[in-house]
Amino acid sequence: MAKYRKLGRTSDQRKALIRSQVTALLYNGRIITTEARAKEVRKVAEKLIASAVKEKDNFEEVTVKAKVARKDKDGKRVKEVVDGKKVTVYDEVDKTIQKDMPSRLHARREMLKVLYPVKEVPAKNAGRKKNTKEVDLVNKLFTEVAPKYVDRNGGYTRIVKIGPRKGDGAMEVVLELV
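Residues in the sequence shown are numbered consecutively from 1, following the UniProt record's numbering.
So this is what it looks like as structure tokens:
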């Protein structure tokens, strides 16, 4: 018996398909796909969520000094003339950041191997590059998804059959986060 389904694709195409569907699942919370694909995507997604749940609180708060540009009432940077050149004025502020412990950092990097970068485009700017934001899916896993599943021992996804596809009769399912 094979350890995984080949899904009628070469290995690089199969890996890309699974990565994209796992990314879509974690970003949207649910996807519609075929049954065979859903079972393969579920394996990868469950491992990522389990890793996030395990490493959820494994960080320390650290205070660091950061330089931040001073801004005027309009939100523009304040500049002053030094030696005949305009130079931006910076203030030093204390910022509290989360520093990952080694095991959480390893988990974060393993997740980044699987997940594709996601860009969020506002509805009014559809089709434009302006105002697009990069979504940090790994951070979303640690801060939003993992706390929901702390008391759960696996089984983070659900597969619901919705019937055969019209074109080829393949069984379609909804794969969703529980």
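Every residue gets a Cβ at the ideal spot worked out from N, C-alpha and C, and that includes glycine.
>> Tell me the rounded alpha-carbon separation between L3 and E40.
In response: Within the sequence shown, the letter at position 3 stands for residue 3. Within the sequence shown, the letter at position 40 stands for residue 40. Before going further, note that residue 3 is Lys rather than Leu in the sequence given. Roughly 10 Å separates the two Cα atoms.
> Name the DSSP bridge partner or partners of D94?
Replying inline: Numbered from 1 along the sequence shown, position 94 holds the residue referred to as residue 94. As a beta-bridge residue in DSSP terms, D94 pairs with K65.
> Where K148 and R5 are concerned, what is the direct C-alpha to C-alpha distance, given to the nearest angstrom?
Replying inline: Here residue 148 refers to the residue found at position 148 when the sequence shown is read from its first residue. Here residue 5 refers to the residue found at position 5 when the sequence shown is read from its first residue. K148 and R5 have their C-alpha atoms roughly 30 Å apart.
>> Quick check on the DSSP output: what are the complete beta strand (DSSP E) runs of length 3 or more inside the region 89 to 146, in order along the chain?
In response: Qualifying beta strand (DSSP E) stretches, in chain order: 90 to 100, 118 to 120 and 133 to 135.
> What do you reckon, are the CB atoms on K65 and V93 nearer than 9 Å?
Replying inline: Position 65 of the sequence shown holds residue 65. Position 93 of the sequence shown holds residue 93. Between K65 and V93, the gap from beta carbon to beta carbon is short of 9 Å.
>> Can you tell me where the alpha helix (DSSP H) holding L177 begins and where it ends?
In response: On the sequence shown, position 177 is the one that residue 177 refers to. First-last for L177: M171 to L177, but that is the beta strand (DSSP E), not the alpha helix (DSSP H).
> Cα-Cα, which of I31, M171 and L17 is closest to I162?
Replying inline: Looking up residue 162 in the sequence shown gives position 162. Measuring from the Cα of I162, the nearest candidate turns out to be M171.
> Where does E40 sit, in a helix, a strand or coil, going by DSSP?
Replying inline: Here residue 40 corresponds to residue number 40 of the sequence shown, with the count starting at 1. Collapsing the DSSP output to three states places E40 in a helix.
> So is R165 buried or exposed if we call it buried at 16+ other beta carbons inside 10 Å?
Replying inline: Here residue 165 corresponds to residue number 165 of the sequence shown, with the count starting at 1. Exposed.
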